[in-house]
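Colleague: My numbering numbers the first residue of the sequence shown as 40 and each following residue consecutively. Note that the Cβ used here is the ideal one computed from N, Cα and C, for glycine as well. Keep in mind the model is a prediction, meaning the values are calculated, not measured.
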Amino acid sequence: MMAHIRNLVFSGGVRRGDFLRLEPIAEELGVSTTPVREGMLALASEGLVELIPRRGFVVVGLTREDVQDLLWAQAAIAGELAARSARKITDRGVEHLVVIQERHDRAAREGEFAELDRLGHEFHRYVNVTAAAPRLAQLLGATLQHMPQRFVAPHVRVTLHQHLEILDALRRRDVRGVRSQMRRHCLAAGEAILAHMEHQGVFEGQDPTAAA
40 MMAHIRNLVF SGGVRRGDFL RLEPIAEELG VSTTPVREGM LALASEGLVE LIPRRGFVVV
100 GLTREDVQDL LWAQAAIAGE LAARSARKIT DRGVEHLVVI QERHDRAARE GEFAELDRLG
160 HEFHRYVNVT AAAPRLAQLL GATLQHMPQR FVAPHVRVTL HQHLEILDAL RRRDVRGVRS
220 QMRRHCLAAG EAILAHMEHQ GVFEGQDPTA AA
């Protein structure tokens, strides 16, 4: 529910000042208005929407700086998890990542975008699991909850080769190197996502230098 509405905001499907009506959203998702309202209230606690008495929920929206902050936090935490993975991952774990990456590359070549997305997430999930830092992984998960659950990856072509660099650093147990590689990977993906959001008009009317 929350993911659906969050995706609308991130994709430019709804803009700042738009009212979100419970009934059309409930009908689209095939649910009652009760879970939709609960989702709206949760998003209001995040500041993404606002409840205006007797009028309903209105989109507050996101600034470019909001998204940059989320992406910075994601990159910082993911980088630390990768560094810890480099200290703890086994040879068998590295080989498992090799298999995931080979399937990921094949999906890219064959244009299987759903599979590409799934395997990209699986690559990162496995790195995070092998870090054996559950609290840190929970923090990353909490950060990612504020991002759309599925974003038609505009960053795939930009970052495809970076998985190989991360994998190589893990194979060499290069703690500092893999931290840097993972941070750069996440930030590069983030820049592509920001550019996509800009193109969709998500930040329309905002001062583009405000977050500089």
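Can you give me the start and stop residues for the alpha helix (DSSP H) that residue 166 sits inside?
Modeller: 152-169 is the span of the alpha helix (DSSP H), which, as asked, contains residue 166.
Colleague: Compute the Euclidean distance between the alpha carbons of residue 203 and residue 140, then round it to the nearest angstrom.
Modeller: Each residue's alpha carbon lies about 8 Å from the other.
Colleague: Quick one: any contact between the segment 211-225 and the segment 116-130, if contact means 3 or more CB pairs under 8 Å?
Modeller: Contact holds: three or more Cβ-Cβ distances are below 8 Å.
Colleague: Taking the continuous alpha helix (DSSP H) assigned at residue 89, which residues delimit it?
Modeller: Careful: residue 89 lies outside any alpha helix (DSSP H), inside the beta strand (DSSP E) at 88-91.
Colleague: Tell whether a beta-carbon distance below 7 Å holds between residue 158 and residue 143.
Modeller: Yes, these two residues count as a Cβ contact at 7 Å.
Colleague: With a threshold of 16 other CB atoms inside 10 Å of the CB of residue 58, please say whether the residue is buried or exposed.
Modeller: Answer is exposed; the Cβ neighbour count stays below 16.
Colleague: Can you say whether residue 113 is buried or exposed, counting buried as having 16 or more other CB atoms within 10 angstroms of its CB?
Modeller: Buried, by the Cβ-count rule.
Colleague: Which one or two residues does DSSP pair with residue 95 in a beta bridge?
Modeller: Answer by DSSP bridge pairing, in chain order: 91.
Colleague: Specify the secondary structure class of residue 49 as computed by DSSP and reduced to three states.
Modeller: Looking at residue 49 - three-state DSSP - the assignment turns out to be helix.
Colleague: Measuring CB atoms only, is the segment 45-64 touching the segment 83-94, in the sense that at least three cross pairs come out at less than 8 Å?
Modeller: The answer is yes - the segment 83-94 touches the segment 45-64, with three or more Cβ pairs under 8 Å.
Colleague: Here's a check: name, in chain order, each residue in its chain whose Cβ is nearer than 7 Å to the Cβ of residue 172, leaving out the five neighbours to either side.
Modeller: Correct list, in chain order: 120, 123.
Colleague: Could you give the residue range of the alpha helix (DSSP H) that holds residue 241?
Modeller: Neither: residue 241 is in no alpha helix (DSSP H) and is coded neither H nor E.
Colleague: Which word fits residue 229, buried or exposed, when buried means at least 16 other C-beta atoms lie within 10 angstroms of its C-beta?
Modeller: Buried, since its Cβ has 16 or more Cβ neighbours within 10 Å.
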